[in-house]
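A.B. asks:
Residue numbers (my numbering): 8 to 153.
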């Protein structure tokens with residue numbers, strides 16, 4: 008989020024932001040010091056600042072969870088796939104890893120991470136899809152807004 012603030016300060020009269028570059032910066036910062044292989048397919052994407060802030064918070068939460076849980080105990084082994092695309096008026100952010108999977112809701116009653124992601128996605132007229140199988144996938148879709 009600091010990177011988005013920096014861009015807004017340097018361009019104070021803008022109502023749109025290059026979210027793709029912000030996502031890349033976030034990924035680099037979180038990847039720093041790890042040996043996880045990151046495969047990124049990120050389309051160039053400008054979006055309204057308010058939508059970029061929400062999606063940035065979502066990306067931060069999801070990336071934090073991946074690095075905290077998916078690769079725990081695996082040393083330097085692991086892969087993370089990140090995709091950002093615009094499809095039919097929607098922005099789709101997908102994170103997939105080759106970790107052990109996300110426990111079912113009843114096994115993580117006090118987990119707030121996905122609740123935060125779902126609430127932020129709902130603010131963007133969007134939704135969250137979670138595949139909890141080993142090699143978890145989380146897909147967040149929000150309206151792109153022109």
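Using N, Cα and C, we set each Cβ at its ideal position, and we do this for glycine too.
On a predicted model such as this, the values are computed, not experimentally measured, just so you know.
1) How should residue 100 be labelled, buried or exposed, when 16 other C-beta atoms within 10 angstroms of its C-beta is the threshold for buried?
2) Just to confirm before moving on: does the CB-CB distance between residue 70 and residue 97 stay below 8 Å?
3) On the DSSP letters alone, give me the boundaries of the alpha helix (DSSP H) that residue 124 sits inside.
4) For residue 28, write down the residues that DSSP places opposite it in a beta bridge.
5) Taking 8 Å as the threshold, find out whether the stretch 122 to 134 comes into contact with the stretch 73 to 92 through three or more Cβ pairs.
6) Go through its chain and collect everything with a Cβ distance to residue 142's Cβ below 6 Å, but skip five positions before and after it.
7) Which value, in whole angstroms, describes the spacing of the CA atoms of residue 75 and residue 41?
8) Roughly how many whole angstroms lie between the Cα atoms of residue 107 and residue 140?
9) What residue does the beta strand (DSSP E) around residue 136 start on, and which one ends it?
C.D. replies: Answer, in terms of the structure:
1) Translated into positions along the chain shown, residue 100 becomes position 93. With 16 or more Cβ atoms within 10 Å of its Cβ, residue 100 is classed as buried.
2) By 1-based counting over the chain shown, the position of residue 70 is 63. By 1-based counting over the chain shown, the position of residue 97 is 90. No, they are not a contact pair.
3) Residue 124 sits at position 117 when you count from the first residue of the chain shown. Per DSSP, residue 124 belongs to the alpha helix (DSSP H) from 120 to 130.
4) Stepping through the chain shown from its first residue, residue 28 is reached at position 21. Paired residues: none, contrary to the question.
5) no
6) The residue labelled residue 142 in the question sits at position 135 within the chain shown. Contacts found: 105.
7) Counting from one through the chain shown, the residue named residue 75 turns up at place 68. Counting from one through the chain shown, the residue named residue 41 turns up at place 34. Between residue 75 and residue 41, the C-alpha separation is close to 11 Å.
8) Within the chain shown, numbered from 1, the residue matching residue 107 stands at position 100. Within the chain shown, numbered from 1, the residue matching residue 140 stands at position 133. For residue 107 and residue 140, the distance between alpha carbons rounds to 8 Å.
9) Here residue 136 refers to the residue found at position 129 of the chain shown. 134 to 138 is the extent of the beta strand (DSSP E) around residue 136.
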